[in-house]
Each structure stands twice: as structure tokens, then as C-alpha cells.
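Chemist: My questions all concern the structure below.
Numbering (the numbering used here), first residue to last: 6 to 345.
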């Protein structure tokens with residue numbers, strides 16, 4: 006099974022020229038992709054109340070190529086046009102959605118804030134974010150395929166909001182994803198695949214260690230709840246205090262540092278059996294001109310232990326790979342997987 010995750014830069018809108026460039030790129034390089042995870046897809050409504058713009062164009066293209074599709078355009082649209090505060094002040098951040106295309110039947114899963122099932126993964130509850138359209142969860146029915154030893158795959162397609170403008174919202178998203186998938190992997194045997202633009206970490210070294218963002222975040226120790234330390238029980242049962250800065254760094258580290266995370270997922274970039282592995286400065290998915298460093302690997306695919314990772318390639322034009330940066334400001338992450 007080949008999986009591709011790509012941020013298609015819809016937050017700035019989409020010109021006809023760039024849209025056609027993206028379609029040509031998909032046609033030339035992604036014809037054998039089985040599952041596509043697309044983030045930052047701009048959406049518009051047409052006169053007949055159908056989807057237009059980037060979302061409509063991608064849906065038409067993918068349907069013509071026999072993909073089943075789910076997306077969060079309806080959620081994003083409702084939040085963007087809501088008169089309920091505080092969403093009236095964050096219209097711009099709701100101008101894009103996430104999309105998953107699958108060769109097998111796929112269904113979007115509902116979400117809820119309610120605490121149901123006493124923290125059991127009975128449904129996707131305890132789901133905290135003001136940006137639900139950026140965390141698309143879906144079930145894929147692979148029961149008819151002899152290539153799988155399971156009937157269902159659970160897919161998470163995420164576009165984590167940036168921390169520069171949405172510091173605590175970014176943490177809420179990271180913590181929600183980690184906590185919910187932790188329950189799935191520890192209490193069920195359903196294979197989980199998580200991909201997207203995480204806006205993290207700040208840097209990955211050639212040995213696989215990471216440097217998270219947040220080292221310059223304020224401590225906010227004088228403010229109740231927001232600044233008062235969070236408490237965390239580690240695997241040994243000890244309870245420690247985390248100030249805001251430490252909470253931020255832990256939220257990123259748990260996802261991408263296998264020595265810290267305990268949720269049963271691994272980053273396919275480092276797990277791939279046959280692929281080059283190097284620092285994020287050398288092999289990257291995004292270039293931030295004013296960043297330190299400018300080159301970052303913000304886009305990832307992570308999988309649970311039921312998957313074997315054969316290859317992972319970043320389509321950034323390096324190492325003779327296709328260059329998705331000609332059609333977006335993010336490179337695509339492409340991996341080949343098999344299930345045990």
C-alpha cells in the first residue's frame with residue numbers, strides 16, 4: 006500500500022495556474038497511490054451549492070480516478086460563517102479543510118466533546134480543539150482486499166495550527182491526537198495511520214533525535230490554570246509538574262521521539278527499511294525563509310505496529326525525487342507499507 010501526505014497550500018487561495026500544476030503533478034507521479042491525505046485544501050461553494058475551487062477540482066479529479074473521498078469542507082464552512090463567538094474572530098484559519106482519498110470504501114468518523122465510555126476508545130470522545138476541520142478521522146474498509154490481515158484501517162489526517170499565532174490551540178490539537186490514538190493502540194488492535202502537516206518539530210537531527218519548538222515560550226506561572234503547572238504521571242507512576250513551556254515541548258516530543266512517546270506509533274521516515282535517513286535541514290518538507298533553521302521537516306506519516314514500513318521518500322526534488330514544491334510550499338511525504 007502506498008500512502009501520500011501533502012499540504013496543498015490552500016490557505017492563500019488557489020490560482021488556476023497553480024491548480025493545474027497540482028493536477029499535473031498528481032497525474033505524473035501519484036497514479037499508483039492508494040491513500041492520499043491532503044491538508045490545507047481551499048473550498049468554495051458554487052451557484053448550485055456544490056463544491057468549487059480547489060476542493061471541488063480535487064474531488065472531481067480523484068473521483069474520475071476511482072477514489073472514495075471524505076473531507077471536512079462542510080465543517081470548515083460552518084465554522085467560518087458562524088456568528089457564535091469566538092469563531093467570529095478566526096475566519097481566516099477556517100478557510101481550508103482536510104481531504105482523504107482511498108482506493109477502498111471510506112467513511113468519516115463523527116467526533117464528540119463528551120466524556121463517554123470512561124476513556125475507552127468506544128467513540129472519538131474527549132476531543133478538544135476549536136479546529137475540528139483540521140483533524141479528519143476516517144475508517145477504511147479493506148475487508149475485500151486479500152493484501153490486508155484486518156478488515157478496517159483507521160486514518161487520521163491532521164493539519165496542526167501554527168504555534169506562532171495559536172500557541173495553546175496547537176498544544177490542544179497535539180495532546181488530543183496523542184491521547185486519543187494512545188487509547189486506540191493500547192486498547193484495540195485496529196491499525197492506525199496518522200499523517201499530515203504537524204508544524205513540528207523544530208528540527209530533527211541525523212541520529213533521529215529531535216528539537217521541539219517552545220523553548221522561548223513564556224512560562225505564564227502567575228496565571229491560574231493557564232500558567233499553573235499541569236501534572237503528568239510518567240510510566241513509572243511518578244507525578245511531575247509541567248509549566249507551559251515544558252508542556253509545549255513534551256507535546257511535540259511525545260509524537261516524534263520514540264524514547265519519550267509511548268503510544269505505539271513510529272514515524273515512517275525513520276522506520277523505513279530501504280530509505281535514506283538524515284537531518285531535517287538536509288531532507289525537508291518546508292522552507293521558512295526567516296526560520297531558524299529555514300529548512301524544516303514539518304510533514305510526517307506515522308503508523309502503528311501492525312504496519313511494516315518498506316520505504317519513505319520526501320518529494321522535495323532532492324535525491325532525484327519528484328518536486329512537489331513546484332506546486333505547493335510543502336513537499337509530499339510518500340511511503341510504502343504492508344500489514345503484518
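Cβ atoms here follow ideal geometry from the backbone N, Cα and C, with glycine treated the same way.
Does the distance from the C-beta atom of residue 14 to that of residue 35 stay below 7 Å?
Modeler: no
Chemist: In angstroms, rounded to a whole number, what distance separates the CA positions of residue 54 and residue 83?
Modeler: 14 Å
Chemist: Looking only at its own chain, which residues have a Cβ that is under 6 Å from the Cβ of residue 187, when we skip the five neighbours before and after it?
Modeler: 268
Chemist: Taking the C-alpha atoms as reference points, what is the distance between residue 265 and residue 239?
Modeler: 10 Å
Chemist: Roughly how many angstroms separate the alpha carbons of residue 52 and residue 38, rounded to a whole number?
Modeler: 32 Å
Chemist: So does the stretch 113–120 actually touch the stretch 17–30, counting three or more Cβ pairs closer than 8 Å?
Modeler: no
Chemist: Looking at the secondary structure, which residues open and close the beta strand (DSSP E) in which residue 90 lies?
Modeler: For residue 90, no beta strand (DSSP E) encloses it, and the DSSP letter there is neither H nor E.
Chemist: Starting from residue 34, follow the beta strand (DSSP E) in both directions and report where the run begins and ends.
Modeler: Taken as a continuous stretch (DSSP letters only), residue 34 belongs to no beta strand (DSSP E), being part of the alpha helix (DSSP H) at 21–34.
Chemist: Three or more beta-carbon pairs under 8 Å between the stretch 165–181 and the stretch 241–258, yes or no?
Modeler: yes
Chemist: Straight-line CA distance for residue 329 to residue 169?
Modeler: 25 Å
Chemist: Could you have a look at residue 331 and say whether DSSP puts it in helix, strand or coil?
Modeler: helix
Chemist: Taking the alpha carbon of residue 135 as the point to measure from, which residue in 145, 164, 340 and 152 has its own alpha carbon closest?
Modeler: 164
Chemist: Just list the residues that DSSP pairs residue 40 with in beta bridges.
Modeler: 8 and 107
Chemist: Quick check: what's the CA-CA separation for residue 19 versus residue 50?
Modeler: Spanning the two alpha carbons is a distance of roughly 14 Å.
Chemist: Would you mind stating whether residue 10 and residue 201 have Cβ atoms separated by less than 7 Å?
Modeler: Yes; because the gap between Cβ atoms is below 7 Å, this pair is in contact.
Chemist: Nearest to residue 306 by alpha carbon, out of 292, 344 and 273?
Modeler: 273
Chemist: Could you tell me which whole beta strand (DSSP E) segments of length 3 or greater appear in the stretch 239–263?
Modeler: 244–247
Chemist: If you check the beta carbons only, do residue 102 and residue 138 fall under 7 Å apart?
Modeler: yes
Chemist: Which residue comes first and which comes last in the alpha helix (DSSP H) that contains residue 177?
Modeler: For residue 177, the uninterrupted alpha helix (DSSP H) run begins and ends at 172–192, by DSSP.
Chemist: Given a cut-off of 7 Å, decide if residue 316 and residue 343 are closer than it, judged by their beta-carbon atoms.
Modeler: no
Chemist: Quick check on this structure: which residue in 220, 161 and 214 has the alpha carbon closest to the alpha carbon of residue 284?
Modeler: That would be 214, whose Cα lies nearest to the Cα of residue 284.
Chemist: For residue 254 versus residue 217, is the C-beta spacing smaller than 7 Å?
Modeler: Their beta carbons are under 7 Å apart, which means residue 254 touches residue 217 by this criterion.
Chemist: Can you list, in chain order, the residues of its chain with a C-beta nearer than 8 Å to that of residue 281? Leave out the 5 residues immediately preceding and following it.
Modeler: Excluding sequence positions up to five before and after residue 281, its CB lies within less than 8 Å of the CB of 288 and 324, all in the same chain and listed in chain order.
Chemist: Count the other C-beta atoms from every protein chain shown that fall within 10 angstroms of the C-beta of residue 244, then say buried if there are 16 or more, exposed otherwise.
Modeler: An exposed status is given to residue 244, since fewer than 16 other beta-carbon atoms sit within 10 Å of its beta-carbon.
Chemist: How about residue 77 and residue 133: do their beta carbons lie closer than 7 Å?
Modeler: no
Chemist: Have a look at 21, 300 and 109 and flag the residue whose alpha-carbon is nearest the alpha-carbon of residue 70.
Modeler: Per the C-alpha coordinates, the member of 21, 300 and 109 positioned closest to residue 70 is 109.
Chemist: If residue 290 sits next to residue 321, beta carbons under 8 Å apart, how far is it from one beta carbon to the other, in whole angstroms?
Modeler: 6 Å
Chemist: Can you have a look at residue 311 and say buried or exposed, based on whether 16 or more other CB atoms are within 10 angstroms of its CB?
Modeler: Answer is buried; the Cβ neighbour count reaches 16.
Chemist: Assign residue 219 to one of two classes, buried (16 or more other C-beta atoms within 10 Å of its C-beta) or exposed (fewer than that).
Modeler: buried
Chemist: Please classify residue 192 as buried or exposed, where buried requires at least 16 neighbouring CB atoms within 10 angstroms.
Modeler: When all chains shown are included, residue 192 counts as exposed.
Chemist: Comparing alpha-carbon positions, which option in 336, 157, 85 and 107 lies nearest residue 67?
Modeler: 107
Chemist: Could you compute how far the alpha carbon of residue 75 sits from the alpha carbon of residue 345?
Modeler: 26 Å
Chemist: Rounded to whole angstroms, what is the Cα-Cα separation between residue 279 and residue 271?
Modeler: Looking at the backbone, the Cα of residue 279 and that of residue 271 are separated by about 16 Å.
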